[in-house]
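Below: one structure, written as structure tokens.
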Amino acid sequence: MKFILAAGAAPPFFVEVALLILCSAGIAYVCYRLGIVPIVGFLITGVVIGPMALGLVQDQEVVDAAAEVGVLLLLFTIGIEFSLEKLARIQRLIFAGGGLQVGLAAGITTGLLMAFGVSWQAGLFTGFLVALSSTAIVLKLLGDSGEIDTEHGQVGLGLLIFQDLAIILMVLLVPLLSGTGGSTLQILGALGKAIGIIVLVLLVARRVMPLFLEAVARTCSPELFLLTVIGICFGTAYLTSLAGVSLSLGAFLAGLVVSESKFSEHAMGEIMPLQILFSATFFVSVGMLLDLSFLIANLPLVLGVVMAVLIIKIITTGIAVRSLGYSLPVVAGASLMLAQIGEFSFVLERSGREAGLFPAGMEGTGSQTFIAATVLVMIATPALNSLGARIRKRLEAPDGDSPQEMDEVHQHGPLPELDGHVIIAGFGNGARKLVRSLDQQEVPFVVLTLSPEGANEAESMGVPVLRGDYARQHTLELAGIEKARTLIIADDHPAMAHRVAMVARTIGGEDLHIVVRTRHVSEIPGLHADGVDCVIADELESIVQLMCQLLKDRGLPADEIDRRAEDIRGKDYAGLLADNKPSDVVVLNVKGVACDHADHPLAVVPNSPGVCTECQRMGDTWVHLRVCMTCGHVGCCDSSKNKHASAHFHETGHPVMRSMEPGEKWGWCFEHGLLLK
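The sequence shown: position 267 = 561 (this note's numbering), numbered continuously.
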């Protein structure tokens, strides 16, 4: 360590690490200003500073080591956000869907290459490389957009988990394909060992880890807690690697272990800053692999491979997902999201190269072509994911309904007498708890869901369920919407909630009461405008519950606490809404709240009619448009990803926005939280 302490001296790798971080931050900032997702910026950074271009960073081994840590921490945090219960819920998707996708991708690739004279061994090896998708990139995109718990997000996660499991078998088959050794008995033994390790980890998650983390947390030492969490991540990953399981899958299992503890959120908060730093290094390291001179010299070949990979991945993923009964919007979103080649294909390619196997049997040229095509597809992944989101929304649009799709409604279990009943649209965690409560109170109800897993689980619980798109008139009519007393929309997608509410209000009975749960307060005015009677906003009830607990601690009687809670939910609601603070209150109306903008004219000339210019610049889509009644600024609504209308209010203080949707004549006062008509 003497060279570190010497004045003016620094370790040889320090300058390169500093350049890597500074360049990553600089290019990421440029990408942010241009509306490009940071992942693309990190990949481009790797291309620019790597040894194949400017050569600012030459020590690939140091970068690779940091990148490996980044992948481990990324998968670890995803595991913490997940749970064993959720994993069990998508087991059919993991094994049936994932197995079909990997099998089809490997088989089609092998067949195509054999048609061009490549041996079946090299063809199958190449098929393995193509079958894998990028766990790190896909989960990063899903995490940043908050879509991991969506239907297409769950599909993507399930297929990725199987691919990470399949890499074990693929690595074991490399010696057999190359003819350098390995027997069937050895392969079966290694697989058995891997399964045993995974089962052991899961048992520890249930039995040991909650008690262990609680003991550590009681020390009240943040340093000890952080070291323990990182130790669990790396230790579990190392333990599973001894059985041939990939380090990344081991880190994901470690996250599952921690997720079973009540300290999972604490662990997430401690680990996130490290995860962000090291996962960025991973994406930079991938970009550093690209040889620009080779790419330029062999551009037609590389682009041809890229197109072939995209076609194979989109088709095989689409077939696998559709075969499990998922809707076309989910199929489109998942297929484009998983269209790239994964980071573990680099590991597999390196193992094959050492054993004498090369992509398409082309030796050095094959390896460079594979690397170039993989990096290009990775760079294109955010754009492909955005394209998938647009196609998904277009397929979900009411004017895109086809008679065939509308008739695809299947009944699971006998339906009760449909009169004065409750319809539950969606079957997530909240809906499951609601179903149990309604069943205990003997309230008649029916569940609508598009998820095959959800329908199967509901059927196993003895719940009356219709599998179909609950935003379609046909499905709601089968559920008896004309006679229903209440419709509860338990779908986390704001756009879907708007669609269901509009259709239900049109065809439902006069006494139909529509209730919607939403995550954000800012979505409330649009939902009320669509005919929703009651909105439950996640951002509000926490304040009510906190206040109730404080009053209880001060010794106030229960009836006084209830009165004050209702007071918050009533006249004080508008103030909470204007501040946009966390809570979870039921919103019925905000009448009686003074607003000096109530007579604000709802007519102004928009400065960009028909588009949200900021979303257009960023390459994003929007749901609805709002126009500022002060300056004419047009921005997307709070059901949209970027919420540019709300951002405009916070930046300028202009209080009133009007809906630009055809036939809608209402405005919203952000300052007082009032719907203006």
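Even for Gly, the Cβ is constructed at its ideal location relative to N, Cα and C.
Note that this is a predicted model, so its numbers are computed, not measured.
Extent of the continuous beta strand (DSSP E) run through residue i
i, result
"Ile717", "716-719"
"Ser953", "950-953"
"His807", "807-812"
"Thr780", "780-783"
"Arg761", "759-761"
"Leu968", "968-970"
Helix, strand or coil at residue i according to DSSP, with G and I counted as helix
i, result
"Pro906", "Reading off the sequence, residue 906 comes out as Cys, not Pro. Coil, per DSSP."
"Phe638", "helix"
"Cys925", "coil"
"Phe308", "helix"
"Thr743", "strand"
"Ala831", "strand"
"Leu494", "helix"
"Cys244", "The question about residue 244 has no answer, for the chain in this structure spans 295 to 971."
"Cys931", "coil"
"Ala872", "Per-residue confidence for Ala872 stands at a pLDDT of 43, beneath the threshold of 50, marking its modelled position as unreliable; no derived number is given."
"Arg726", "helix"
"Arg920", "strand"
"Gly947", "coil"
"Val559", "The sequence as given places Glu at residue 559; Val does not occur at that position. Note: Glu559 maps to helix in three-state DSSP."
"Phe519", "helix"
"Arg766", "coil"
"Gly825", "coil"
"Thr668", "helix"
"Phe652", "coil"
"Thr972", "There is no way to answer for residue 972, as the model of the chain reaches only from 295 to 971."
"Ile775", "coil"
"His894", "Any reading at His894 must be qualified, since the residue scores a pLDDT of 47, below 50, and its modelled position is unreliable; the value itself is stated next. Of the three classes helix, strand and coil, the one that applies to His894 here is coil, per DSSP."
"Leu712", "coil"
"Gln734", "helix"
"Lys296", "Legend: pLDDT at Lys296 = 43, less than 50; position of this residue unreliable, value from coordinates given subsequently. Helix, per DSSP."
"Glu804", "coil"
"Asn750", "helix"
Close Cβ partners of residue i (< 6 Å) along its chain, the five nearest in sequence each way excluded
i, result
"Gly646", "Phe419, Val468"
"Ile455", "Ile388"
"His446", "Val624, Gly627, Ala628"
"Val810", "Ile783, Ala791, Leu821, Val826, Val829"
"Ala416", "Gly655"
"Thr780", "Val716, His807"
"Gly961", "Leu896, Val950, Arg952, Leu970"
"Ser573", "Gly364, Leu368"
"His918", "Cys931, Glu955"
"Lys487", "Ala537"
Where the alpha helix (DSSP H) containing residue i begins and where it ends
i, result
"Gln330", "It is worth fixing the name first, because residue 330 is Ile in this sequence and not Gln. Neither: Ile330 is in no alpha helix (DSSP H) and is coded neither H nor E."
"Leu584", "Leu584 -> no alpha helix (DSSP H), and no H or E assigned at all."
"Gly961", "It is not in any alpha helix (DSSP H) - Gly961 instead sits in the beta strand (DSSP E) that spans 961-963."
"Leu850", "Premise fails: Leu850 is in no alpha helix (DSSP H) and is neither H nor E."
"Val351", "It is not in any alpha helix (DSSP H) - Val351 carries neither H nor E in the DSSP assignment."
"Gly619", "Unbroken run through Gly619: none, as it is neither H nor E."
"Ser553", "541-553"
"Val797", "788-801"
Residues near residue i by beta carbon distance below 7 Å, same chain, minus five either side
i, result
"Gln569", "Leu367, Leu368, Thr371"
"Asn592", "Thr663"
"Phe588", "Gln662, Ala666"
"Val600", "Ala667, Leu670, Val671"
Own chain, CB closer than 8 Å to residue i, minus 5 neighbours either side, in chain order
i, result
"Ala941", "Gly929"
"Met503", "Ile526, Val551, Val552, Glu554, Ser555"
"Gly803", "Ile775, Glu776, Lys777, Ala778"
"Ala823", "Ser953, Glu958, Trp960, Leu969"
CB contact check: residue i to chain B, cutoff 9 Å
i, result
"Val334", "As a matter of chain content, chain B is missing from the structure shown, which is built from one protein chain."
Item checked: Segment contact flag, the segment 664-683 with the segment 568-586, C-beta cutoff 8 Å, min 3 pairs -> Flag = yes, the segment 664-683 and the segment 568-586 touch.
Notebook entry, point to check: What are the complete alpha helix (DSSP H) segments, minimum 4 residues, inside the segment 367-438?
Noted result: 378-383, 392-409, 414-425
Item checked: Complete alpha helix (DSSP H) runs within the segment 436-489 (minimum length 4 residues, chain order) -> 445-472
Check: Does the segment 480-496 come close enough to the segment 330-342 to have 3 or more Cβ pairs within less than 8 Å?
Finding: no
Next item on the list: Check whether the segment 382-399 touches the segment 609-622, taking contact to mean three or more Cβ pairs, one atom from each stretch, closer than 8 Å.
Entry: yes
Next item on the list: Would you check if there are 3 or more beta carbon pairs closer than 8 Å linking the segment 420-427 to the segment 400-407?
Entry: yes
Margin query: Quick check: the segment 340-357 against the segment 306-317, are at least 3 beta-carbon pairs closer than 8 Å?
Written below: yes
Check: Is it true that the segment 424-437 meets the segment 632-640, where meeting means three or more beta-carbon pairs spaced less than 8 Å apart?
Finding: Flag = yes, the segment 424-437 and the segment 632-640 touch.
Notebook entry, point to check: Are three or more beta carbon pairs between the segment 717-731 and the segment 750-766 nearer than 8 Å?
Noted result: yes
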